[in-house]
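Beneath this line is the structure, given in structure tokens, with notes to follow.
In the working numbering, the protein residues as written are 9 to 443.
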């Protein structure tokens with residue numbers, strides 16, 4: 009157990025971040041549960057959390073991202089080690105949500121030395137899902153699952169190999185994982201055992217990109233989950249990896265068929281970013297696909313002048329809409345103003361461009377906010393903060409936006425929590441999180 013430090017500063021930060029996972033993490037997940045049908049728990053790392061101020065003891069909840077089950081979502085993140093001589097270059101932390109917002113004094117830090125996970129810092133935060141159905145969100149990090157519990161990540165419990173994109177792909181109320189296994193896609197259906205074994209494993213579906221005649225036969229792909237038809241079962245967007253160009257995506261609808269998806273494959277616009285969000289408030293997720301304007305010798309590229317185009321495919325039957333906000337970057341979504349409609353956040357250097365939802369769908373009406381992590385003593389290219397998370401941590405119905413900054417991927421990190429993407433900002437540093 010690590011030392012305990014208390015930081016009395018408080019911060020506040022809802023979510024619906026569209027979560028992507030790299031193919032190699034998905035392969036790890038399949039290897040852990042497919043083949044001979046068994047998992048070897050003895051080889052799994054054991055989590056050793058270090059807590060500070062008392063974490064509110066939860067009794068379980070259905071709130072997404074609620075690791076300790078107290079009814080408030082938590083900020084789960086991977087950050088660079090604070091000290092250059094750290095045994096591990098990154099650490100996993102949880103800052104717990106409260107009625108007052110995020111409180112960095114109420115945190116759990118996984119001992120970097122005691123939790124030997126291959127942690128990577130990825131855009132969009134760390135995926136969480138209640139994989140074992142106990143009311144506590146579990147953490148998917150470094151190709152392993154760290155189980156949630158009444159006071160956060162469980163201590164001295166093996167963290168089995170597991171990865172993928174969470175969602176309820178059969179609509180039974182239990183969280184599942186969609187994974188890529190090098191051949192195609194399959195779904196691991198929950199609930200999962202403490203050894204990481206799924207209730208059942210779906211059949212593999214060959215690469216949906218190449219099967220749709222879009223090429224990329226030898227390419228990996230990433231997955232984005234959401235409910236595009238409002239039937240209560242999670243659907244899946246499959247996007248090919250490229251080499252600087254805009255790549256194709258297809259939408260798979262959950263249902264009866266190969267690998268738990270219907271035979272119908274819906275082609276989406278090519279692009280470099282994808283996110284689900286209910287932009288018109290009709291209760292059905294829409295899909296935003298972004299074309300950053302980057303080209304890599306695609307046919308007709310010389311004749312195109314696209315830059316920052318967003319195409320929204322609406323789930324409720326509304327015609328697709330193309331808008332040009334002029335911003336490029338990764339996507340996140342969340343209801344920032346509590347009007348029942350999601351906003352689209354596009355990462356830009358130092359912050360995000362916000363496009364507001366409306367009864368007519370996504371608009372170009374919005375704002376851009378930025379934060380600098382350092383002053384003139386740091387080169388200008390190294391100053392901008394990055395979009396880290398969008399989630400409702402105080403349960404007031406408004407999503408908060410979290411930005412993060414560290415220099416050259418080294419700690420300590422600085423964090424900003426922006427209420428509803430507006431002017432109310434709180435900040436903290438993780439300088440003492442791992443001492």
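Here a beta-carbon is modelled for each residue, glycine too, at the ideal position from N, C-alpha and C.
A quick note: this is a predicted structure, and the numbers were derived from the prediction, not measured.
Can you list, in chain order, the residues of its chain with a C-beta nearer than 7 angstroms to that of residue i? Leave out the 5 residues immediately preceding and following it.
i	result
residue 268	177, 178, 195, 210 and 262
residue 367	288 and 289
residue 386	415
residue 417	88
Which term fits residue i, buried or exposed, when burial requires 16 or more other beta carbons within 10 angstroms of its beta carbon?
i	result
residue 115	buried
residue 283	buried
residue 243	buried
residue 150	buried
residue 389	exposed
residue 212	buried
residue 391	buried
residue 70	exposed
residue 36	Low local confidence applies: a pLDDT of 35 at residue 36 is under 50, so the model's placement there is unreliable, with the coordinate-based value given in what follows. Buried, by the Cβ-count rule.
residue 233	buried
residue 333	buried
residue 346	exposed
residue 108	exposed
residue 249	exposed
residue 427	buried
residue 275	exposed
From the DSSP output, in three-state form, read off residue i for me.
i	result
residue 321	strand
residue 100	strand
residue 170	coil
residue 216	helix
residue 257	strand
residue 266	helix
residue 281	strand
residue 69	coil
residue 389	helix
residue 29	Confidence at residue 29 is low in this model, with a pLDDT of 33, below 50, so the placement of that residue is unreliable and no value is reported for it.
residue 62	coil
residue 315	coil
residue 135	coil
residue 162	coil
residue 230	strand
residue 84	strand
residue 339	strand
residue 355	strand
residue 344	coil
residue 333	coil
residue 225	coil
residue 91	coil
residue 274	strand
residue 360	strand
residue 106	strand
residue 449	Because the chain in this structure spans residues 9 to 443, residue 449 falls outside the shown range and cannot be described.
residue 246	strand
Let me make sure I understand the geometry here. Which of the options has the alpha-carbon closest to that of residue i?
i	options	result
residue 371	359, 351, 441 and 197	351
residue 163	175, 186, 117 and 189	117
residue 359	187, 377, 199 and 344	377
residue 110	256, 342, 398 and 338	398
residue 342	363, 357 and 170	363
residue 439	107, 113 and 80	113
residue 215	203, 208, 228 and 205	228
residue 76	160, 105, 153 and 88	160
residue 184	383, 140 and 239	140
residue 396	60, 101 and 85	85
residue 81	64, 105 and 62	105
Among residues of its own chain, excluding the 5 on either side of residue i, which ones have a beta-carbon nearer than 6 angstroms to its beta-carbon?
i	result
residue 336	300 and 316
residue 422	381, 413 and 437
residue 324	290 and 292
residue 419	88, 89 and 90
residue 329	320 and 369
residue 192	212, 213, 214 and 215
Return the bridge partner residues of residue i from the DSSP annotation.
i	result
residue 436	423
residue 371	Its beta-bridge partners do not exist; DSSP assigns none.
residue 197	208
residue 394	412
residue 442	Looking at the DSSP assignment, residue 442 forms no beta bridge with any residue, so it has no partner.
residue 467	Coverage of the chain is limited to positions 9 through 443, which leaves residue 467 absent and any answer about it impossible.
residue 407	BP columns for residue 407 are empty, so no partner.
residue 146	137
residue 127	The partner list for residue 127 (beta bridge, DSSP) is empty, contrary to what the question assumes.
residue 186	173 and 195
residue 380	392
With a threshold of 6 angstroms, establish whether the CB of residue i neighbours any heavy atom of the ligand FAD.
i	result
residue 248	As far as ligands go, the structure on display features none, and thus does not contain the ligand FAD.
Going by beta carbon distance, what residues of the same chain come within less than 8 angstroms of residue i, once the five residues before and after it are set aside?
i	result
residue 456	Lying before the first or after the last residue shown, residue 456 is absent from the chain, which here runs from 9 to 443.
residue 374	333, 351, 361, 362, 363 and 364
residue 241	176, 177, 178, 179, 235, 262 and 263
residue 271	265
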